[in-house]
Amino acid sequence: MTGEQFVGTWKLLEFEVHLPHGEARYPWGKNPVGLLMYDAAGNMCGMLMRADRPAFAQGDLLRGNPEEVKSAFEGFQAYFGTYEVNDRERMVIHHVIGCSFPNWVGTDQIRFFEFSGKNLTLSTPPLSAAGMTVTMRLVWACAV
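Going letter by letter, the sequence shown gives residues 3 to 146 in the numbering used here.
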């Protein structure tokens with residue numbers, strides 16, 4: 003398999019967080035929204051969010067109150083960069099250039115992959131979230 007199988011636009015179907023004892027949680031609800039794009043030149047970008055994020059009361063991009071800004075940030079994740087596929091390890095490595103979470107800028111984000119029909123499942127290695135070590139599982143459908 004080559005990276006060609008990744009190329010295209012993918013729509014988010016599921017986003018689960020698995021706690022250390024195995025329980026699955028849905029921190030962004032059962033119907034999160036997201037797109038993941040890979041191109042043949044090795045570029046990628048991904049965006050996902052809660053479908054039910056509340057709007058800012060003032061309707062001004064730069065005038066959200068602290069609670070609105072916190073909710074908007076915590077309910078949205080986006081990053082872009084380049085990618086490479088490691089077939090042997092069944093992982094895709096996202097070399098992050100820019101990210102809504104500043105700590106990921108300049109890092110390599112590893113995602114283990116599995117293709118099933120027109121779906122792509124990406125899983126994280128253990129990472130820190132909400133003070134716990136968790137893994138995340140995202141299922142994407144080919145949007146073509």
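Backbone N, C-alpha and C fix where the C-beta goes; we use that ideal spot for every residue, glycine too.
Values in this document were obtained by computation on a predicted structure and should not be read as measured data.
Pro68 and Arg52 do not touch by the CB rule: their CB atoms are close to 18 Å apart, not below 8 Å. Out of Asn121, Gln60, Tyr81, the CA that lies nearest to the CA of Ser102 is found in Tyr81.
In the same chain as Gly77, and ignoring 5 residues on each side of it, the C-beta atoms closer than 7 Å to its own belong to Trp30, Met51, Arg52, Arg55, in chain order. Taking Arg139 as the centre and dropping the five residues before and after it, the same chain places the C-beta of Glu18, Ser125 closer than 6 Å to its C-beta, in chain order. By the criterion of a C-beta distance shorter than 8 Å, Val98 is surrounded in its chain by Tyr81, Phe82, Gly83, Trp106, Val107, Gly108, Thr109, Asp110, Gln111, once the five residues flanking it on both sides are discounted. Its chain contains Val9 as the residues whose beta carbon lies nearer than 8 Å to that of Asp41, once the 5 sequence neighbours on both sides are disregarded; these appear in chain order. Shown here, Phe82 sits in a strand according to DSSP, grouped into three states. In the three-state DSSP reduction, Lys72 falls in the helix class (H, G or I).
Residue environment: Phe115 is assigned as buried (16 or more neighbouring CB atoms within 10 Å of its CB, all protein chains considered).
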